[in-house]
Amino acid sequence: MDSAKNLSTSFSTMRNLAMGSVFALLLVSLAAGFLVYRAYENSGRRVYVVGQTGSVAALSAPTTETHTAYEARNLVRNFMLTMFGHDQYTYKTNLDAALPLIEGRGGRRIYDGFTRGQVLQNYERYAARNVVTVDSVSIDMNHRPWSGRVYIKQRIFIGGEQKEPLPLAAKFNLAETNRSDANPYGMLITNFDYIPYNPQVSREELQALKEQEADRQRALLEAQRSAGAVAPETGDALASPAVPGQPLPAAPGK
Numbered sequence: 319m320d321s322a323k324n325l326s327t328s329f330s331t332m333r334n335l336a337m338g339s340v341f342a343l344l345l346v347s348l349a350a351g352f353l354v355y356r357a358y359e360n361s362g363r364r365v366y367v368v369g370q371t372g373s374v375a376a377l378s379a380p381t382t383e384t385h386t387a388y389e390a391r392n393l394v395r396n397f398m399l400t401m402f403g404h405d406q407y408t409y410k411t412n413l414d415a416a417l418p419l420i421e422g423r424g425g426r427r428i429y430d431g432f433t434r435g436q437v438l439q440n441y442e443r444y445a446a447r448n449v450v451t452v453d454s455v456s457i458d459m460n461h462r463p464w465s466g467r468v469y470i471k472q473r474i475f476i477g478g479e480q481k482e483p484l485p486l487a488a489k490f491n492l493a494e495t496n497r498s499d500a501n502p503y504g505m506l507i508t509n510f511d512y513i514p515y516n517p518q519v520s521r522e523e524l525q526a527l528k529e530q531e532a533d534r535q536r537a538l539l540e541a542q543r544s545a546g547a548v549a550p551e552t553g554d555a556l557a558s559p560a561v562p563g564q565p566l567p568a569a570p571g572k
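Residue numbers 319 to 572, in the working numbering, belong to the letters of the sequence shown in order.
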């Protein structure tokens with residue numbers, strides 16, 4: 319009787335051990351499968367592009383990171399302010415900050431327009447500067463590829479005098495990219511192209527420009543009188559010094 323009881327106890331113990339081993343093996347298999355799946359999933363998110371300068375990681379599928387229209391507008395606004403607003407001292411620094419925010423082809427097109435217009439040389443020659451005001455930025459992130467439009471005014475100052483504002487507008491697309499110190503937004507401006515933009519100059523600004531021109535004419539007249547020159551007849555306008563070209567093309571490359 320005792321032998322049968324011991325045998326039954328031993329069998330029950332062995333059965334429990336076997337079931338426990340099978341259960342543990344099942345847990346280990348599930349954990350291993352999950353780890354392998356995550357490894358393949360993470361490795362498949364990136365592809366590597368090999369070029370002359372080495373290999374770089376690129377996105378092979380849309381990222382799960384969320385970008386907002388607010389972030390996109392900040393990207394475009396910062397690009398326009400630094401790409402088009404500068405003087406002889408900030409020209410190179412601002413371009414270095416702006417070019418990483420746009421694809422290479424679009425950036426080269428704008429830069430080539432500046433080069434043809436001798437922007438930097440005119441800044442140095444006439445002590446000029448270009449001040450940019452962003453009128454508006456519209457972004458559509460409801461459909462891919464993301465798209466948008468931007469409208470700015472350029473106010474060129476030669477010495478202390480402001481010239482008539484030069485409007486500029488462009489349409490573009492936005493593509494996702496890796497974040498970096500040079501481009502913390504994780505988006506890149508693509509297909510940048512100029513579009514017509516002819517806003518009316520406000521009455522206040524027109525009045526300020528007229529007053530500025532009148533002050534300049536009076537200063538020239540007084541300078542001529544003090545130098546003993548013959549004053550022009552009443553009603554004749556004093557010719558302003560010729561300034562070949564503009565310090566900044568309104569739409570380079572158009």
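Each residue gets a CB set at the ideal place from its N, CA and C atoms; glycine is no exception.
Since this is a predicted model, take the numbers as computed values, not measurements.
Can you give the Cα-Cα distance for residue i and residue j, rounded to whole angstroms?
i      : j      : result
ALA336 : TYR355 : 29 Å
ASP405 : GLY466 : 28 Å
GLU479 : ASN392 : 30 Å
VAL346 : THR331 : 22 Å
GLY546 : ARG443 : 29 Å
LEU506 : PRO485 : 24 Å
GLN472 : ASP499 : 28 Å
ASP430 : LEU417 : 13 Å
ASP458 : ALA349 : 43 Å
GLU551 : LEU492 : Interpretation of GLU551 is limited by its pLDDT of 45, a score under 50 that renders its predicted location unreliable; the figure taken from the coordinates is listed afterwards. Spanning the two alpha carbons is a distance of roughly 58 Å.
TYR388 : GLU540 : 53 Å
THR371 : PRO514 : For THR371, the predicted model reports a pLDDT of 49, less than 50, meaning its position is unreliable; a value from the coordinates is still stated below. Taking the straight line joining both Cα atoms gives about 39 Å.
ARG333 : LEU344 : 16 Å
PRO502 : HIS385 : 12 Å
ASN516 : PRO483 : 10 Å
GLY504 : THR495 : 5 Å
GLY338 : LEU353 : 23 Å
ILE474 : GLN436 : 15 Å
ARG536 : GLN542 : 10 Å
LYS489 : HIS461 : 15 Å
LEU413 : ARG521 : 33 Å
Helix, strand or coil for residue i, going by three-state DSSP, please let me know.
i      : result
ASN412 : helix
ASP405 : strand
SER339 : helix
GLY418 : Note that residue 418 is Pro in the sequence shown here, rather than Gly. Note: PRO418 maps to helix in three-state DSSP.
THR386 : coil
GLN480 : strand
SER498 : coil
ASN460 : coil
ASN516 : coil
ALA557 : Here the model assigns ALA557 a pLDDT of 33, short of 50, so the residue's position is not dependable, and the following value carries that caveat. Looking at ALA557 - three-state DSSP - the assignment turns out to be coil, as it is neither helix nor strand.
Using C-beta distances below 8 Å, list every residue in its chain close to residue i, excluding the 5 sequence neighbours before and after it, in chain order.
i      : result
GLN439 : none
ILE470 : MET398, PHE402, VAL450, THR451, VAL452, ASP453, PRO485, LEU486 and ALA487
Quick one: residues in its chain with C-beta nearer than 6 Å to the C-beta of residue i, no 5 flanking neighbours on either side, listed in chain order?
i      : result
ALA415 : THR400
SER456 : GLY466 and ARG467
VAL548 : Only weak support is given to the placement of VAL548: the predicted model assigns it a pLDDT of 47, under 50, and the value that follows is read from those uncertain coordinates. For VAL548, where only same-chain residues beyond five positions count, there are no Cβ hits under 6 Å.
PRO463 : ASN491
By DSSP's criteria, residue i is part of a beta bridge. Which residues make up the other side?
i      : result
ASN448 : HIS404 and ILE474
PHE490 : GLY466
THR433 : THR433 is not bridged to any residue.
VAL455 : VAL468
ILE428 : Answer is none; ILE428 lacks a bridge partner.
Quick one: residues in its chain with C-beta nearer than 7 Å to the C-beta of residue i, no 5 flanking neighbours on either side, listed in chain order?
i      : result
THR327 : none
LYS481 : ILE474
Taking 7 Å as the CB-CB cut-off, is residue i touching chain D?
i      : result
TYR441 : The structure shown has no chain D; it contains just one protein chain.
Q: Could you tell me whether the region 418–428 touches the region 498–516, where touching means 3 or more Cβ pairs closer than 8 Å?
A: By the C-beta criterion, the region 418–428 is judged to be in contact with the region 498–516, since at least 3 inter-stretch pairs fall below 8 Å.
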